[in-house]
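Student: Numbering (UniProt numbering), first residue to last: 1 to 42.
Idealized CB from N, CA, C, for every residue including glycine.
Keep in mind it's a predicted model, so treat the numbers as computed, not measured.
Got a structure for you, written out below as structure tokens; questions coming shortly.
Take a look at the structure:
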């Protein structure tokens, strides 16, 4: 698991070059709640 605190940033880029191809879950915690998305790395 990778945790990246971003504070009040509206946008963030994550380097996924080190990850093997596959489907990953991206979980983002906002002040109003949590959102989970599936991300495909090719």
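Counting only the same chain and skipping the five closest in sequence on each side, list residues whose C-beta sits under 7 Å from that of residue 16.
Tutor: Same-chain partners within the cutoff: 41.
Student: Work out the CA separation of residue 6 and residue 12 for me, nearest whole Å.
Tutor: If I take the Cα positions, the gap works out to 8 Å.
Student: For a test of the three-state rule: what should DSSP assign to residue 1, helix, strand or coil?
Tutor: Coil at residue 1, not helix or strand.
Student: Helix, strand or coil for residue 7 per DSSP?
Tutor: In the structure shown, residue 7 sits in coil (DSSP, three-state: anything other than H, G, I, E or B).
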